[in-house]
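Q: Below you will find the structure I want to go over with you.
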Amino acid sequence: MDSLPAPAERGGPRGIQSIEVGGQLLIALAHHGRPLALKDLAREAGMPPAKAHPYLVSFIKLGLVEQEAEGGRYGLGPLALQLGLISLQQYDPVRLATPRIEALAAQLGHTAAIAVWGNRGPTIVRVAEAASPVHISMRHGTVMSLPGTASGRLFAAFRPRDQILAVLAQEKLGPDYLDQQLGPQLSQIRQQGLASARDAVVDGVSALAAPVFDEQGSMVLSLTLIGPSGSLDLSPLGSEAQALIRSGAELSRQLGWRPA
Numbered sequence: 001m002d003s004l005p006a007p008a009e010r011g012g013p014r015g016i017q018s019i020e021v022g023g024q025l026l027i028a029l030a031h032h033g034r035p036l037a038l039k040d041l042a043r044e045a046g047m048p049p050a051k052a053h054p055y056l057v058s059f060i061k062l063g064l065v066e067q068e069a070e071g072g073r074y075g076l077g078p079l080a081l082q083l084g085l086i087s088l089q090q091y092d093p094v095r096l097a098t099p100r101i102e103a104l105a106a107q108l109g110h111t112a113a114i115a116v117w118g119n120r121g122p123t124i125v126r127v128a129e130a131a132s133p134v135h136i137s138m139r140h141g142t143v144m145s146l147p148g149t150a151s152g153r154l155f156a157a158f159r160p161r162d163q164i165l166a167v168l169a170q171e172k173l174g175p176d177y178l179d180q181q182l183g184p185q186l187s188q189i190r191q192q193g194l195a196s197a198r199d200a201v202v203d204g205v206s207a208l209a210a211p212v213f214d215e216q217g218s219m220v221l222s223l224t225l226i227g228p229s230g231s232l233d234l235s236p237l238g239s240e241a242q243a244l245i246r247s248g249a250e251l252s253r254q255l256g257w258r259p260a
């Protein structure tokens, strides 16, 4: 007679230990937000490198991890990024913001987008094209430059300093750049509740971005408007900017935010 399976351990259902052990490597990569050498990654996951390596080989085959051609460091792979984006898209603020960017695109005649904070920085998760869309690579998963775009500057103004420095480091920029070069711009962005960029990524294309806050006052996403430089008014008092700010404030109130 076959024996019955062992009952679940007290405190919760039984899991697969090897998956939980290997998952520590993924948790370490997600926590650091950057590629790590094998010995560093194994140390963070609490296991010897020889034990970590077979897990990493399997994760690479699945697309959860990828290894750099130069240096051999390990980072999160394409499947991990896709899963992260799907998770972000299911986040309530994104669902609430989606009809707003569609309304903004229809009302203002410019492409509107939602960006959230991802492990590589500001990341586009929704795009609403205008009737005459701007021909620029703006698709789901696009990571926006922190210093060079309206969305990036907006996040730089409102996200925690350590997060901003970690992303700037990927662009070979440090604290001096943040404080001396970006500092005055970020102060103005905080005062106006609006960021702008003219001809920053592509000549002839400009953008505006307004923040959305949650009940704790943390910025959770940006509403971004993208259009031809000749027709998109970047003035904080212009109709496009005011519509964007108003929409961001209304959405923030939906999420429980109350202005100081």
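Residue numbering for the sequence shown follows the UniProt record's numbering, starting at 1 and increasing by one per position.
We put the CB at the ideal spot given by N, CA and C, even for glycine.
These figures come from a predicted structure and were not determined experimentally.
1) Thinking residue 261 and Y74 are a contact (beta carbons under 8 Å), I'd like their distance in whole angstroms, please.
2) By the three-class DSSP mapping on this structure, what secondary structure does S222 have?
3) Per DSSP, Y74 is paired with what?
4) My output table needs one value for A157: the three-state DSSP class, helix, strand or coil.
5) What are the boundary residues of the alpha helix (DSSP H) that P122 is part of?
6) For R153 versus I124, is the C-beta distance shorter than 8 Å?
7) Could you say if the stretch 161-174 and the stretch 222-233 meet the contact criterion of at least three C-beta pairs nearer than 8 Å?
8) Below 8 Å on the Cβ atoms is my guess for A50 versus A28; work out the distance and round it to an integer in Å.
9) Going by other Cβ atoms of all chains shown within 10 Å of its Cβ, with 16 needed for buried, is R258 buried or exposed?
10) Could you tell me the distance, in whole angstroms, from the CA atom of Q242 to the CA atom of P236?
11) Find out if the Cβ-Cβ distance for the pair A105, T111 is shorter than 8 Å.
12) Going by alpha carbons, who is nearest to D233 out of A197, S58, I86?
13) Short check: CB of P228 to CB of V202, under 8 Å?
14) Starting from G118, trace the beta strand (DSSP E) in both directions and tell me its first and last residue.
15) Measuring straight from C-alpha to C-alpha, what distance separates M144 and S252?
16) If you draw a straight line from the C-alpha of I101 to the C-alpha of A249, how long is it?
17) Of the residues E70, L96, L76, which one's Cα is nearest the Cα of V57?
18) Buried or exposed: S247, going by 16 or more other Cβ atoms within 10 Å of its Cβ?
19) For P93 and F213, I'd like the C-alpha separation in whole angstroms.
20) Less than 8 Å between the CB atoms is what I'm expecting for L146 and P122, so what's the real figure, rounded?
21) Grouping DSSP H, G and I as helix and E and B as strand, with all else coil, what is R258?
22) Just curious, the beta strand (DSSP E) that P211 is in, first and last residue?
23) Starting from A106, follow the alpha helix (DSSP H) in both directions and report where the run begins and ends.
24) Compute the distance between the beta-carbons of G63 and L79, then report whether it is under 8 Å.
25) To the nearest angstrom, report how far apart D157 and L26 are at their CA atoms.
A: This is what the structure gives:
1) Missing from the structure shown is residue 261; the chain here goes from 1 to 260 and no further.
2) strand
3) L36, Q67
4) helix
5) Note, P122: premise wrong, no alpha helix (DSSP H); beta strand (DSSP E) at 121-128.
6) no
7) no
8) Not really, about 17 Å apart at Cβ, beyond 8 Å.
9) exposed
10) Q242 and P236: Cα-Cα distance of roughly 7 Å.
11) Yes, these two residues count as a Cβ contact at 8 Å.
12) A197
13) No; because the gap between Cβ atoms is not below 8 Å, this pair is not in contact.
14) 111-118
15) Separation of M144 and S252 (C-alpha to C-alpha, rounded to the nearest whole angstrom) is 22 Å.
16) Using only the alpha carbons, I get a separation of about 13 Å.
17) L76
18) buried
19) 9 Å
20) 7 Å
21) coil
22) 205-213
23) 92-108
24) yes
25) Sequence inspection shows Ala at residue 157; the Asp mentioned does not correspond to that position. The alpha-carbon atoms of A157 and L26 are separated by roughly 29 Å.
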